[in-house]
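Mapping the sequence shown onto my numbering, position 318 (from 1) lands on 1273, and the numbers just tick up by one. Where a beta carbon is used, it is the ideal one built from N, C-alpha and C, also for glycine. Source: prediction; values computed, not measured.
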Amino acid sequence: MVLKKNNINTSRNLFFNNKYLEIKGGEILAGKVKISGAKNSALVLMAASILSRGQINLFNVPRISDVLIMSKILTAMGMNIRSNANHLTISSEQTSLPSQESLFDLFNALRGSFFCIGPLLARFGKAKIPLPGGCLIGSRPIDEHINSLKKLGVIFQFKNNSLSAEVITPDKRLIGSSITFDCKSVGATETLIMAASLAKGTTILNNSAQEPEIIDLANMLNLMGARVKGAGSERITIEGVESLKGCDYTVMSDRIEAGTFLIAAAITRSSISLCNCEPNHLRTVLKKLELCGCKFEYTKNSLRIIPNQILNSVNVTTSPFPGFPTDLQAPFMTLMATVNGTSKIEETVFENRMHHVKELKRMGANITVKDNIATIVGVKKLRGRVVIGSDLRATAALALAGLSANGKTIVKGLEHLERGYEDFSEKLRTIGTRILKK
Ligand code: UD1
């Protein structure tokens, strides 16, 4: 498919739909699930393609609405994108940019679009972007991005909810610098790696986030000719180069999707296998699942989960990688709502990420929340209800609740789920869930 510039829907609720999932709970699952490419990696790799004048071939790209919006943004900025199933070809030979104001609705539909700021500044010396939107999971500031880019020679102006950024060096090229982030931010680390790749001189990033998606970005940039060292550690060094070329790259597998399907197996006390998944990215999650009574079998190409019929409560505190991922907090809470005993789940990454609790309680879960700590007393059975997902992972968590609940669960808010899970209901159906998308 070739995306056409005049085919862009600029409605703010770009992907709002009335679709919902209907799930009949209580089925035992069996079989194999193929994990898709990582949403959080694909989005940043797509943004990184702005840095190159050559052609980028991205493989294993998930077919999800966030990727579609990002494709539309890049297309509207003058890049050529062709997509064929999970393969994207992105190329850009342009030397200047169209006005980005006309793209504001698109930018607003996707927080990940903010990733474009680093590559735009590095390649074109300026950027105009609305302040980022995305999931309703807290205020999600961008001070780390802004303050660090300033150190590379960027000035910013904020006006009417948008920001204009410009490189102020005489040759419009960013200048390498030493930066220590105040907090571990995945997005800020990625923005700075991309910006610094084309800067003059060397940039050192201290207190960097260590998520696997950051390693994925560094690997692709290095194939493009960048010199990024230390990704995956707290100290990353980027020696700027003058230009970057095209490359072929396969997006890493989605550890959050893998974690979601492991929890689907645990919550239904079923044994399933995952393929195209990287267990090393899931170490903390696997450990918590083991503590609650799941066993794992590893083969070269697959990971099999074998849960005990009786599972026990486990406490979890979310934290940056290698800690327990905040993106699996809601799904894990759903599991804890159905096991023996009382658990505590503390959310430390985002301040407002417990929207699923209200809906889980409507399904019969016994959960109280105080100061971002949820106390969950496991119940024998959840009850099927009509529930509404408010963000991507909360919606997945409610679908998981439906798998183990008595009776029928309707999960609304599918537009959130479709932002980040490729063929979610189809994959669940293949392993035995009675699920319909309506
Ligand atoms: C990314 C992921 C998201 C995941 C999150 C944490 C993508 C597209 N999204 O989001 O799925 O939940 O990492 O693993 O990759 N912060 C600041 N100032 C900043 C930036 C961040 O204070 O400038 C704070 C945030 O408010 C938050 C924490 O840092 O409390 C972590 O946020 P960050 O790692 O930046 O998350 P994202 O990159 O937005």
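Next item on the list: Select from Thr1289, Ala1003, Val1141 and Val1206 the residue whose C-alpha is nearest the C-alpha of Leu1266.
Entry: Per the Cα distances, Thr1289.
Check: How far does the beta strand (DSSP E) with Ile1365 in it reach, from first residue to last?
Finding: Segment Lys1363 to Lys1367, the beta strand (DSSP E) holding Ile1365.
Notebook entry, point to check: Nearest to Arg1066 by CA position, among Leu1086, Glu1056 and Lys1367, is which residue?
Noted result: Comparing Cα-Cα distances from Arg1066 to each of Leu1086, Glu1056 and Lys1367, the minimum goes to Leu1086.
Check: Using 8 Å as the Cβ pair cut-off and three pairs as the minimum, do the segment 1216–1226 and the segment 1034–1047 touch?
Finding: Contact between the segment 1216–1226 and the segment 1034–1047 is absent, with fewer than three C-beta pairs closer than 8 Å.
Check: Straight-line CA distance for Thr1144 to Ile1169?
Finding: One alpha carbon belongs to Thr1144, the other to Ile1169, and they sit about 8 Å apart.
Next item on the list: Take the Cβ of Phe1014 as the centre, count every other Cβ of all protein chains shown within 10 Å, and call the residue buried at 16 or more, exposed below.
Entry: Exposed is the label assigned to Phe1014, since fewer than 16 other Cβ atoms lie within 10 Å of its Cβ.
Next item on the list: Check whether the segment 976–984 touches the segment 1168–1184, counting contact only when three or more Cβ pairs, one atom from each stretch, lie closer than 8 Å.
Entry: Not touching, per the Cβ criterion.
Note to self: Beta-carbon within less than 8 Å of Lys1200's beta-carbon, same chain only, minus the 5 sequence neighbours each way: which residues are those?
What the structure shows: Residues Ser1007, Arg1008, Gly1009, Met1179 and Gly1180 of the same chain have their beta carbon placed closer than 8 Å to that of Lys1200, with the five preceding and five following residues left out of the count.
Check: Terminal residues of the continuous beta strand (DSSP E) containing His1042?
Finding: DSSP places His1042 inside the beta strand (DSSP E), whose first and last residues are His1042 to Ser1046.
Notebook entry, point to check: With a Cβ-Cβ cutoff of 8 Å, do Leu1000 and Tyr1204 count as a contact?
Noted result: With respect to the 8 Å criterion, Leu1000 and Tyr1204 are classified as neighbours on the basis of their beta carbons.
Item checked: Short Cβ contact (8 Å threshold) for Gly1375 with Lys974 -> Going by C-beta atoms, Gly1375 is not nearer than 8 Å to Lys974.
Notebook entry, point to check: Roughly how many angstroms separate the alpha carbons of Ser1345 and Ile1028, rounded to a whole number?
Noted result: Ser1345 and Ile1028 have their C-alpha atoms spaced approximately 24 Å apart.
Checklist line | Contact the segment 1184–1197 vs the segment 1290–1304: 3+ CB pairs below 8 Å | finding: Contact fails: fewer than three Cβ-Cβ distances are below 8 Å.
Notebook entry, point to check: Just curious, the beta strand (DSSP E) that Thr1350 is in, first and last residue?
Noted result: That residue, Thr1350, is in no beta strand (DSSP E); its alpha helix (DSSP H) goes Leu1347 to Ser1359.
Margin query: Rounded to whole angstroms, what is the Cα-Cα separation between Asn1361 and Ser1004?
Written below: Distance between the alpha carbons of Asn1361 and Ser1004 is about 47 Å.
Next item on the list: Return yes when at least one heavy atom of the ligand UD1 lies under 7 Å from the C-beta of Leu998, else no.
Entry: Result yes, Cβ under 7 Å from the ligand UD1.
Next item on the list: Report the residue ranges of all beta strand (DSSP E) runs contained in full by the segment 967–1016; include only those spanning at least 3 residues, in chain order.
Entry: With a minimum length of 3 residues, the continuous beta strand (DSSP E) runs that stay inside the segment 967–1016 are 975–979, 985–989 and 1010–1014.
Check: Would the segment 1229–1246 and the segment 1204–1214 be scored as touching if the rule is three or more Cβ pairs under 8 Å?
Finding: Yes, they touch.
Margin query: Strictly by DSSP, which residues pair up with Leu1160?
Written below: Listed as beta-bridge partners of Leu1160 by DSSP are Ile1134 and Ile1191.
Checklist line | Alpha-carbon spacing of Leu1153 relative to Pro1074, whole angstroms | finding: Near 9 Å, if we compare the C-alpha coordinates of Pro1074 and Leu1153.
Check: Around the Cβ of Lys1243, are there at least 16 other Cβ atoms within 10 angstroms (buried) or fewer (exposed)?
Finding: Per the 10 Å Cβ criterion, buried.
Checklist line | Glu1381, enclosing alpha helix (DSSP H) - first and last residue | finding: Note, Glu1381: alpha helix (DSSP H), Phe1379 to Thr1385.
Note to self: So, at 6 Å on beta carbons, what are the nonlocal neighbours of Ile1261 in its own chain, with the 5 sequence-adjacent residues on each side left out?
What the structure shows: Only Ser1226 and Lys1250 meet the Cβ criterion.
Next item on the list: Using three-state DSSP, classify Asn961 as helix, strand or coil.
Entry: Residue placement at Asn961 is poorly supported in this model, since its pLDDT is 34, which falls under 50; the coordinates are not used for a value here.
Check: Closest by CA to Thr1157, which one among Lys1127, Pro1125, Glu1194 and Arg1128?
Finding: The option with the nearest alpha carbon to Thr1157 is Glu1194.
Checklist line | Proximity below 8 Å, CB of Val1342 to CB of Arg1317 | finding: Yes. Within cutoff.
Next item on the list: Please classify Pro1074: does DSSP put it in a helix, a strand, or coil?
Entry: Helix at Pro1074.
Next item on the list: Select from Phe1059, Lys1127 and Val1022 the residue whose C-alpha is nearest the C-alpha of Glu1377.
Entry: When only C-alpha atoms are compared, the closest one is Val1022.
Checklist line | Contact test: Arg1210 Cβ vs the ligand UD1 heavy atom, cutoff 7 Å | finding: Relative to the non-hydrogen atoms of the ligand UD1, the Cβ of Arg1210 never comes closer than 7 Å to any of them.
Check: Taking the alpha-carbon positions, what's the Val1269 to Ala1292 distance?
Finding: The straight-line gap from Cα to Cα measures roughly 11 Å.
Notebook entry, point to check: Leaving out five residues before and five after Ser1133 in sequence, what residues of the same chain have Cβ atoms less than 6 Å from its Cβ?
Noted result: Cβ neighbours of Ser1133 beyond the five flanking positions: Ile1159.
Item checked: Element boundaries [beta strand (DSSP E), containing Pro1167] -> Looking at the DSSP string, Pro1167 is not in any beta strand (DSSP E); the run it does join, the alpha helix (DSSP H), is Pro1167 to Leu1178.
Check: Out of curiosity, what's the CA-to-CA distance linking Asn964 and Leu1052?
Finding: Confidence is the limiting factor: at Asn964 the pLDDT is only 37, short of 50, which leaves the residue's position unreliable, though a coordinate-based value still follows. Whole-angstrom Cα-Cα distance: 20 Å.
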